[in-house]
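Chains as they are written, first to last, in the working numbering: chain A, 1150 to 1385; chain B, 1150 to 1385. Quick reminder that beta carbons are idealized off the backbone N, C-alpha and C, glycines included. Structure first, commentary second.
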DNA sequence: TTACTGTACTCTGTATACAGTTGCCGAATC
DNA sequence: GATTCGGCAACTGTATACAGAGTACAGTAA
């Protein structure tokens, strides 16, 4: 849903709706990394006053989806190659814990949902590639990982991983545009799912580790490609 | 530094200063867990308008140092026993990565600083126990861990751990009041330091793991004690 | 042509006004 | 004495006004 006037309703606070709208716009790529954010413009676009905009921006700033320059200019955050590597390292640490605890604590309903996601992904991969299916795959990828985190039963782990996922999304929404191979999740997700379903903590840890290491490598390779062609993502 | 009118200066934005003041007040225990936060009162206390207060509160809310109730009442966050356990699990995952990367990337200056902190702690422990030295020890403990995270060179790891540390601080500022034994960091910190200094990644990982497992156990024990006597920390 | 300066414009930081909501208290009623 | 209703007080949500900082641009002088 594009950033548009009065797509907002009055049942929730405008501040919260503004926050969601901006976050979604950033994570969907509608607001591109590095783009300047001007309070007054956003206010006009969303048909609200600056107050809710400012509060939403402060939150995004605290999550580092928005960064502030020395002269108080706000921009959508940019993810560099080294950021990506470091984020993957954090994921590696956190998601091993995530699946290990999921093996212990996942409910049957959660396990069924995981299964459905794996099957959906397999179906999507067999369909004709297009930019739409690429986005759907990426979405499915992160829904799978978020559900794993949720299944761990550890709320703080979930909250930390959510932040990491948001930042990864910011990056990947731009890396997958052309190359669906960066989303080789077919066998990898299934292996993770099966280990969790069997409550086999060691296998699950191994599987997620292999998945993330492979994924990291694919993303880094794709970023190098992108850097050669266009200059969207800068080195940091 | 107590929350007082016009302790703020005009060189930084009031919003940022307000944020720092509130965060410090929460982490130092001046604002106690569960305490209600009223914008207008805080505004009067800090001698600023509601605008900077609101923006600061939104940030604290996003970091979950402040929680909002259904009727829009804001309160200082409360950490339950299960929160503490889950936070320790996250720390365990992240800090193992932290020291492993610190072994690779720490600068000589950082290693020297780590050493100084270890020695300072050893000196403090030998001094006469008091509430003041307890607070100093706790502060030193977290400064040590933060510096480890910084030495890893992984900015995202550092940012994630900072959040975890803040929440732990919120908890521990109340658990250590009487019992300094929860801060048995003498030998444990030294062992971590020596492993990092020797760039021995395996030893460092083992040492931090042992430290955190032991620390978790001590804190849980102390929380059980507290729960029996007074009701500050509620089960969640 | 270049460098400097004044000016107008844009944007942010902060304060404040106003409206809507929630919750409480007291009075009237059963 | 308990209960319910009206009204008041306390807060929050939102809009907006205003001031100050930064910036770009044009005009002028060397």
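Over the uninterrupted alpha helix (DSSP H) stretch that includes residue 1281/A, give me the two end residues. Note, residue 1281/A: alpha helix (DSSP H), 1280 to 1300.
Boundaries of the beta strand (DSSP E) in which residue 1216/A is found, first to last residue: Residue range 1215 to 1217 is occupied by the beta strand (DSSP E) that includes residue 1216/A.
Run through chain A and tell me which residues come within less than 8 Å of residue 1239/B, C-beta to C-beta. Neighbours of residue 1239/B on chain A, chain order: 1243, 1246, 1303, 1305, 1306, 1309.
Rounded to the nearest angstrom, what separates residue 1197/B and residue 1169/B at their Cα positions? Between residue 1197/B and residue 1169/B, the C-alpha separation is close to 14 Å.
Drop a sphere of 10 angstroms on the beta-carbon of residue 1298/A, count the other beta-carbons inside from all chains shown, and report buried for 16 or more, exposed for fewer. Burial is judged here by how many other beta carbons sit within 10 angstroms of a residue's own beta carbon; residue 1298/A has at least 16 and is buried.
Applying a beta-carbon distance threshold of less than 8 Å, which residues of chain B neighbour residue 1208/A? Around residue 1208/A, the beta-carbon contacts reaching into chain B at under 8 Å are 1207, 1208, 1210, 1211.
Which partner residues of residue 1225/B appear in the DSSP bridge assignment? For residue 1225/B, which the question treats as bridged, DSSP gives the partners 1215/B.
Cβ neighbours of residue 1341/A in the same chain (closer than 7 Å, five flanking residues each side left out): Here residue 1341/A has 1248, 1353, 1356, 1357, 1360 as same chain residues with Cβ atoms under 7 Å from its own Cβ, once five neighbours each way along the sequence are excluded.
Distance check for residue 1239/B and residue 1241/A, CA to CA, integer angstroms please. Cα-Cα distance, rounded: 12 Å.
Would you decide whether residue 1313/B is buried or exposed? Buried here means 16 or more other CB atoms lie within 10 Å of its CB. Residue 1313/B should be labelled buried.
Tell me which residues share the same chain as residue 1280/A and place their Cβ nearer than 7 Å to its Cβ, disregarding the 5 neighbours each side in the sequence. In the same chain as residue 1280/A, and ignoring 5 residues on each side of it, the C-beta atoms closer than 7 Å to its own belong to 1326, in chain order.
Chain-ordered neighbours of residue 1224/A on chain B, where CB pairs are closer than 7 Å: The premise fails here: residue 1224/A is roughly 17 Å from chain B at the closest Cβ pair, so nothing lies under 7 Å.
Whose Cβ in chain A lies nearer than 8 Å to the Cβ of residue 1204/B? Residues of chain A passing the Cβ test: 1203, 1204, 1207.
Enumerate in chain order the residues of its own chain whose CB-to-CB distance from residue 1365/B is below 6 Å, with the five nearest sequence positions on each side excluded. Excluding the 5 residues flanking it on each side, residue 1365/B has same chain C-beta neighbours closer than 6 Å at 1237, in chain order.
Residue 1297/B CB to nearest chain A CB: under 8 Å? Chain A contact via Cβ: absent.
Residue 1245/B to residue 1185/A span [Cα, whole Å]: CA-CA distance, residue 1245/B to residue 1185/A, rounds to 37 Å.
Helix or strand or just coil, what does DSSP make of residue 1321/A? DSSP, reduced to helix, strand and coil, places residue 1321/A within a helical segment of the structure shown.
Alpha carbon to alpha carbon, what distance is there between residue 1251/B and residue 1180/B? So the alpha carbons of these two residues sit roughly 34 Å apart.
Just reading off the alpha helix (DSSP H) that residue 1169/B is part of, what are its end residues? For residue 1169/B, the enclosing alpha helix (DSSP H) begins and ends at 1163 to 1176.
Just confirm the distance between the C-beta atoms of residue 1270/A and residue 1367/A, as a whole number of angstroms; I'd bet it's less than 8 Å. Wrong, their Cβ atoms sit about 16 Å apart, outside the cutoff.
Residue range of the alpha helix (DSSP H) that residue 1094/B falls in? In the structure as shown, chain B begins at 1150 and stops at 1385. Residue 1094/B is therefore absent and cannot be evaluated.
Could you confirm whether any beta carbon from chain B is found closer than 8 Å to the beta carbon of residue 1236/A? At least one CB of chain B lies nearer than 8 Å to the CB of residue 1236/A.
How big is the Cα-Cα spacing for residue 1187/A and residue 1223/A? A straight line joining the alpha-carbon of residue 1187/A with that of residue 1223/A spans about 7 Å.
Limits of the unbroken alpha helix (DSSP H) element including residue 1356/A: Looking at the DSSP string, the run of the alpha helix (DSSP H) that includes residue 1356/A is 1350 to 1378.
Which listed residue (1303/B, 1174/B, 1161/B) has its alpha carbon closest to that of residue 1318/B: It is 1174/B whose Cα lies nearest to the Cα of residue 1318/B.
Do we get a CB-CB distance below 8 Å when we pair residue 1288/B with the residues of chain A? Output row for residue 1288/B: interface = no.
Please list the residues of the stretch 1349 to 1369 of chain B that have a C-beta atom closer than 9 Å to any C-beta atom in chain A, keeping them in chain order. Contact annotation: in the stretch 1349 to 1369 of chain B, no residue has its CB less than 9 Å from a CB in chain A.
Run through the DSSP bridge pairs and tell me what residue 1191/B is partnered with. Residue pairing by DSSP places residue 1191/B in no beta bridge whatsoever.
Under 8 Å from the C-beta of residue 1315/B: neighbouring residues of chain A: Against chain A, the beta carbon of residue 1315/B has no neighbour under 8 Å; the closest one sits roughly 12 Å away.
Should the stretch 1213 to 1229 of chain B be regarded as contacting the stretch 1341 to 1351 of chain B, the criterion being three or more beta carbon pairs within less than 8 Å? The stretch 1213 to 1229 of chain B is not in contact with the stretch 1341 to 1351 of chain B.
Between residue 1294/B and residue 1306/A, what straight-line distance do the alpha-carbon atoms span, to the nearest angstrom? Approximately 19 Å between the Cα atoms of the pair.
Have a look at residue 1255/A and residue 1290/B and give me their C-alpha separation to the nearest angstrom. Pairing residue 1255/A with residue 1290/B, the inter-Cα distance amounts to about 35 Å.
Out of 1166/B, 1369/B, 1309/B, which one is the CA nearest neighbour of residue 1212/B? The residue with the shortest Cα to Cα distance from residue 1212/B is 1309/B.
Considering only the beta carbon of each residue, do residue 1233/A and residue 1304/A sit closer than 8 Å? Contact: no.
Residue 1199/A classed as buried or exposed, judged by whether at least 16 other C-beta atoms fall within 10 angstroms: So residue 1199/A ends up on the exposed side.
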